[in-house]
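Chains as they are written, first to last, in the numbering used here: chain A, 257 to 632; chain B, 257 to 632; chain C, 257 to 632; chain D, 257 to 632; chain E, 257 to 632. Backbone N, C-alpha and C fix where the C-beta goes; we use that ideal spot for every residue, glycine too. Notes follow once the structure below has been shown.
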């Protein structure tokens with residue numbers, strides 16, 4: 257019997273970097289942040305130039321080179337406060353935005369500023385053991401440039417990158433706002449992957465309830481509920497964010513991109529629907545499990561108690577005929593005729609055993625009549 | 257005792273065709289999709305011409321022939337990506353719409369485009385074993401044409417087709433938007449059929465709770481809850497969809513049709529009301545069942561325990577008089593007068609049995625007085 | 257012990273007349289519908305003329321006779337499709353409205369058409385056995401005429417009729433819209449009657465819980481919950497309907513009538529408040545009942561178990577001294593001095609009984625000290 | 257052990273005066289209504305004249321005397337339909353308002369009429385035994401006059417009256433609308449008093465759960481829940497009423513008064529917050545109580561069962577050596593050497609007792625190892 | 257085993273100062289209020305002058321001295337009604353505002369007056385024992401001045417004060433409204449600290465459930481729920497307050513400050529999200545705990561019962577062979593051959609023991625086959 261199949265999902269909010277009363281806009285590197293790795297894609301309908309590096313110079317040199325391109329600067333790892341500050345300075349980004357990028361526990365949101373837009377989302381991915389990896393992606397769109405900041409090195413957006421690499425891919429026709437859309441669309445696709453896994457797991461759990469309800473059911477359902485709580489905390493604001501992006505009047509989000517965003521919005525609602533359905537199913541699985549356990553326990557106790565009860569009167573009868581009432585006075589040896597004469601009857605023992613068998617049969621018949629042998 | 261009467265409804269989201277990061281608008285044939293069968297009805301107030309086929313040519317030839325008719329192109333089966341693409345090309349339909357048609361897990365929705373409208377709904381039908389068949393219907397209305405895409409070959413819209421076949425049927429007076437309405441009205445009618453079945457099943461379950469509460473109650477109610485979850489996930493967005501259709505300003509949905517849509521909207525709300533009521537009834541059935549089971553179990557345990565308790569003191573008394581305290585010293589044979597003199601009394605046995613009977617009666621009276629023989 | 261005091265309220269939706277895919281607006285006589293009985297009241301401030309009949313001719317002749325009166329045509333029974341159609345034709349009523357009149361499972365609603373308004377409500381009445389009678393009333397107001405359609409022959413609106421009969425009654429000063437209001441006001445009054453009954457029943461149930469909680473509590477509360485579900489399904493849309501009537505701009509609902517409707521609206525909200533309160537009370541009654549039953553069961557089991565446990569060590573002691581370890585070797589008759597010498601002590605039996613009493617007292621004291629004799 | 261400490265709060269709606277279908281606006285004296293006692297305060301910034309009486313003449317004579325004053329006519333007791341009608345006639349008050357005054361089960365509301373405003377509220381007061389007294393206060397404000405109607409003779413507004421009596425009290429500077437505000441402000445203050453009592457009671461209950469959870473916990477929490485239901489049914493519409501008064505454009509509610517009303521509105525929201533918090537606390541108290549009871553019961557059952565189980569094998573051993581397998585054939589006296597030779601061993605008894613002690617110790621160790629002696 | 261680890265959080269509303277019917281705007285010193293300590297910071301971009309004192313003269317002298325500065329007057333302790341009144345008089349603050357400052361149980365709110373704005377919030381801090389300290393902070397912003405009133409002497413805003421002390425700190429560039437923002441931002445930061453603690457505690461509780469579920473789990477979860485209720489009661493209106501501040505048109509809240517407020521608003525929503533998640537986790541922890549306890553109890557009872565049941569038939573057999581049916585008539589010594597001949601068989605005892613062992617083995621096999629030794 258395995259116990260606690262899944263690693264527990266931490267319900268604790270990860271410690272926010274910073275102290276009470278800190279200046280808002282203060283940039284602090286989150287604990288355990290990785291050294292940034294930078295990729296830059298510069299593309300127009302004809303060509304795509306990409307380079308990799310670890311410092312801002314990679315970016316600057318390519319920006320200089322490609323002046324009529326759209327640029328996607330993809331930064332993985334937030335371990336370098338200077339880099340972020342430099343980007344903030346050059347692009348004239350508000351301190352509050354930079355703080356949000358570094359504080360990796362944001363709710364998904366979309367903020368519009370005079371010259372740029374800022375959006376953040378949560379990339380939730382699970383491995384085969386149903387362990388969630390919940391990281392932040394922050395995106396700044398300004399002029400002809402989109403900058404994405406990811407916490408980890410995972411290649412979560414390979415599909416998008418390969419589409420960008422494909423010559424004549426339609427994605428190259430759209431502006432930087434479309435990259436932002438495409439990133440969040442992928443984020444939402446990942447939610448479907450996790451939900452799919454949860455759905456399968458819930459089905460397996462239900463099968464196990466019917467077949468062999470042990471207490472790991474409880475742990476595993478608990479685990480699923482935690483996953484759903486994490487997903488829901490991301491999905492609801494995600495929906496609002498997409499909606500804000502659809503309604504924005506910023507020229508950085510074009511009308512064509514909004515058509516695609518509406519599609520992403522539908523997916524978001526589908527995800528929320530699924531989460532709510534799965535929550536209901538988890539709850540009813542638990543109800544079913546508790547009812548099964550209680551039924552089984554009741555069944556066992558009933559059988560055991562019936563066995564006891566059948567033997568108790570028989571044991572009493574045996575006890576009675578084990579009493580030592582004497583047939584003769586021990587001193588005078590005078591007979592004491594009414595002291596258990598049954599014991600001295602020629603076939604007393606047979607009668608006695610017969611009575612016992614009779615009592616047993618009557619009891620069994622009575623319980624059977626009452627329907628107590630039936631399963632509850 | 258039957259177990260698990262109904263086939264379980266899968267809570268798993270069927271795998272979405274496609275991978276994370278795929279291009280939106282990518283058309284993929286869903287797994288196990290059927291080869292399309294095409295029917296085309298071309299009608300005006302005077303005549304109705306219909307033909308069947310499996311390729312787009314059937315459609316094209318009839319469209320050419322009947323140029324002042326309204327056309328309903330009914331496609332059953334989505335197994336042919338080319339057909340869909342060709343239709344998309346000819347009618348100038350957005351890639352995203354085509355993707356939605358092929359991705360058969362859409363929520364009901366109504367989308368308005370410049371030259372056409374697109375709506376999708378869920379046809380939910382159940383067989384006698386309460387197995388749900390939940391398929392998608394997608395509808396495009398453009399110019400004088402309505403195209404419906406269904407997943408399966410089931411003839412779910414026979415009523416509508418036969419009305420269309422009837423000469424002078426009022427439905428022939430309306431435009432293609434009315435066909436779209438009529439299809440969704442039928443979809444809603446199917447919901448009533450399923451709900452009717454659930455309602456009857458819930459009543460049967462309640463009867464069974466009163467008469468003979470076994471654990472299949474739990475399974476069956478669970479099954480009903482699953483059915484209601486599926487229906488609710490369809491009915492709420494269905495309501496919003498109908499509402500969007502009523503509010504649209506597209507000329508494809510005429511004022512007359514909107515009057516009918518308002519009727520469909522009322523039906524939708526009735527369905528939602530029913531679903532919520534049935535959910536409450538399921539929940540209270542489970543409460544009732546659990547209380548019944550616990551009452552019955554308690555009743556059994558009480559009876560059994562009372563029987564034990566009545567015999568325990570009697571067995572003790574028998575045990576006491578089974579003790580071997582000796583009346584005479586085994587070696588010297590001197591009498592030991594206070595060692596269980598009762599055993600050597602002339603009527604000791606009778607007194608003893610009398611005391612046992614008395615103890616038994618006192619106990620029964622005491623328990624009866626306390627009301628423990630009453631049913632809980 | 258009575259079981260299942262009340263007749264169960266059917267949770268099943270009564271089968272909608274008609275089949276999937278039927279033409280909307282198709283008039284079908286509901287199953288078991290009664291033959292219509294027609295009453296017509298024609299009144300103005302001075303006089304009231306009324307007649308009865310079973311065919312439309314009664315109506316027509318009186319309409320001809322009284323041309324400056326307000327007419328209330330009261331139809332009880334929907335068994336005659338022709339009559340309805342004829343009325344529809346003469347008054348130019350939409351097919352959809354006629355279908356709604358005949359389909360007796362409408363939600364309360366108020367629909368405004370160009371020349372008339374249509375409203376429907378649910379008359380919910382209960383008898384002394386808490387059996388609900390849930391029928392439909394449909395009302396059409398047009399010109400100087402109000403037509404009401406009821407399912408059954410019950411005289412639910414006697415109060416209103418007698419007010420109309422009273423000379424100089426203020427109701428005669430208002431137009432036909434006021435009759436419509438007065439009918440729905442009466443409908444709402446009936447809800448208060450039913451709620452009053454439920455309130456009393458819930459109190460009785462609570463008394464029974466405190467005094468003698470048996471399992472009929474569960475059935476009866478279940479019954480009350482069903483009644484509340486039925487009422488709630490009617491009361492919420494009723495509120496919306498009244499609200500729609502207040503906001504309508506149709507001249508058929510006059511400003512004076514709207515003042516009265518606001519009063520009816522307040523009553524509706526009061527009813528909804530009461531329903532929600534009663535639902536909470538039902539739920540907490542069930543909680544209380546379950547806790548009572550479990551307490552009582554626990555109490556019984558505890559007493560029984562304590563009795564067993566007190567006797568078990570005593571029986572063991574008796575068992576020990578019932579062992580047959582021999583004082584003398586059976587063959588050689590040599591004494592075996594350490595084999596149960598207690599049995600051959602002069603006062604062994606007394607000591608033994610004394611020890612038993614002591615064990616019993618210690619146990620009782622221990623359990624008493626632990627507080628196990630206290631009621632839970 | 258006290259049982260059912262508090263008098264039960266009736267969940268039954270008090271019977272509405274009147275019958276189904278009665279004319280709206282019909283004035284009926286509520287059952288058990290008291291004879292009216294009238295107080296009239298006429299004040300301006302300089303002076304306050306007050307008089308008492310039981311008939312309308314008291315009022316009329318003072319109104320004549322004081323023509324540049326603001327009047328507060330305070331009527332306690334609704335037992336005189338004539339008085340109400342006379343007031344209605346003289347002030348030209350709608351029949352519906354008069355009916356509402358007499359029908360003492362109104363929800364709090366604020367209605368605006370052309371020449372006057374009408375508001376009603378619920379005065380909820382509790383005594384030391386947590387018995388609620390829930391009466392109605394109705395207020396009409398017209399011209400320079402405010403008329404308040406209370407059901408009972410309780411002096412619930414003494415604070416306000418004494419402020420009015422104080423010379424130069426600021427309250428004298430405001431118009432009649434301010435008296436209306438001041439009355440409802442006092443009503444809200446009373447809610448705080450009741451909530452304070454409930455809060456203390458809930459704390460006491462929680463203490464009792466930790467110290468000595470008996471079943472009165474259940475009754476008392478139930479009682480608190482009922483009180484909260486009553487308060488909530490009053491507080492929510494109270495909030496809406498105050499809000500309506502803030503938004504009214506009637507000149508009878510001045511801008512200064514509205515500032516004060518905003519303060520009252522905040523208090524109302526605080527009350528609603530408290531009610532909801534207390535409901536949650538009640539619910540979690542019940543959860544805690546049920547868990548405590550179940551823990552205690554489990555603890556008792558476990559101890560008892562362990563005692564039984566320890567003795568059962570011992571008793572079996574004793575039973576074995578109580579068997580009468582004979583060492584010698586009874587007839588031939590030939591030895592039967594393998595028939596329980598233990599009984600004839602020199603130290604058989606000691607070995608036997610030793611084995612019993614061993615079995616007991618092994619069992620205790622086993623159970624202790626398993627952690628079964630630990631508290632759950 | 258520790259019991260009741262945390263001090264209970266009072267669910268009782270602290271008694272509101274004042275009596276029913278008191279004049280609104282009456283200033284009463286709350287019970288146990290501390291003597292005010294005043295700090296005043298006067299700053300502009302160049303310099304910061306601060307002084308401390310206990311009377312209003314400290315303030316006045318500094319205000320005179322620094323006439324082109326922004327002033328923050330920080331008052332800790334509300335024990336001096338005169339001081340408050342004097343401030344109210346000099347700044348022309350409404351009596352209702354002064355009453356709200358002194359009545360330390362306000363909900364967070366933001367009120368706008370003609371010449372000043374007033375806002376109040378709740379500072380919720382917890383110590384290591386999870387005891388909450390829930391005090392009020394009230395803030396008045398007028399002209400170039402912000403006055404904050406705190407209940408206690410705790411230095412909750414040290415971070416802010418030190419930022420203000422830092423030369424060239426950006427905070428010195430903003431007006432008094434920014435200090436108000438900065439105070440509430442710190443308040444919200446404190447909420448994160450408390451939530452962080454709750455999150456960690458909930459995790460510890462969950463670990464304890466898996467490892468060693470005792471009843472302190474219930475107490476501690478209860479404690480967490482209480483903390484969450486307190487936080488939620490503060491956080492929801494806090495959100496509305498911040499929102500009101502963002503939407504205000506008062507010039508005291510500048511556009512720059514509003515940008516920061518939007519950041520605070522996001523934090524507020526994050527807090528509300530966390531509270532709701534933690535509530536769900538608490539609830540599911542309790543479910544899990546109850547299921548664990550019940551499983552463990554069931555497991556124990558099952559083992560115990562199985563042991564009993566195995567021995568009961570064996571004891572019965574022993575009882576049978578303990579019966580004293582005599583082989584010889586006691587008087588005549590005639591053999592009674594069918595009276596328990598087994599006892600006089602040469603190997604009767606061995607057979608008997610063999611049968612007992614067999615019965616035991618059969619039972620164990622039967623229970624094992626049934627799966628009753630498996631863990632539930």
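Using DSSP bridges, identify the partner residues of residue i.
{"i": "residue 299(D)", "result": "304(D) and 326(D)"}
{"i": "residue 394(D)", "result": "376(D) and 405(D)"}
{"i": "residue 432(C)", "result": "Looking at the DSSP assignment, residue 432(C) forms no beta bridge with any residue, so it has no partner."}
{"i": "residue 382(C)", "result": "388(C)"}
{"i": "residue 367(C)", "result": "374(C)"}
So, residue i versus residue j, is the Cβ gap smaller than 9 Å?
{"i": "residue 360(C)", "j": "residue 407(C)", "result": "yes"}
{"i": "residue 286(D)", "j": "residue 493(D)", "result": "no"}
{"i": "residue 435(B)", "j": "residue 379(B)", "result": "no"}
{"i": "residue 386(D)", "j": "residue 474(D)", "result": "no"}
Kindly say whether residue i, judged by its beta-carbon, lies nearer than 9 Å to any beta-carbon of chain C.
{"i": "residue 564(B)", "result": "yes"}
Can you check whether the C-beta of residue i is within less than 9 Å of a C-beta belonging to chain E?
{"i": "residue 280(A)", "result": "yes"}
{"i": "residue 378(D)", "result": "no"}
{"i": "residue 560(A)", "result": "yes"}
Does the beta carbon of residue i sit closer than 9 Å to a beta carbon anywhere in chain B?
{"i": "residue 448(A)", "result": "yes"}
{"i": "residue 358(C)", "result": "no"}
Does residue i come within less than 9 Å of chain A when only Cβ atoms are used?
{"i": "residue 464(E)", "result": "no"}
Pull out every residue of the region 525-536 of chain C whose Cβ sits closer than 9 Å to any Cβ of chain D, in chain order.
-> Considering only beta carbons, the part of the region 525-536 of chain C lying closer than 9 Å to chain D consists of 525, 526, 529, 530, 532, 533, 534 and 536, in chain order.
Under 7 Å (Cβ pairs) to chain B, residues found in the region 482-500 of chain C = Hits within the stretch, in order: 485 and 489.
When Cβ atoms are compared, which residues of the region 408-435 of chain E fall closer than 7 Å to chain A?
-> Listed by position, the residues of the region 408-435 of chain E near chain A (Cβ gap below 7 Å) are 413, 414, 415, 416 and 419.
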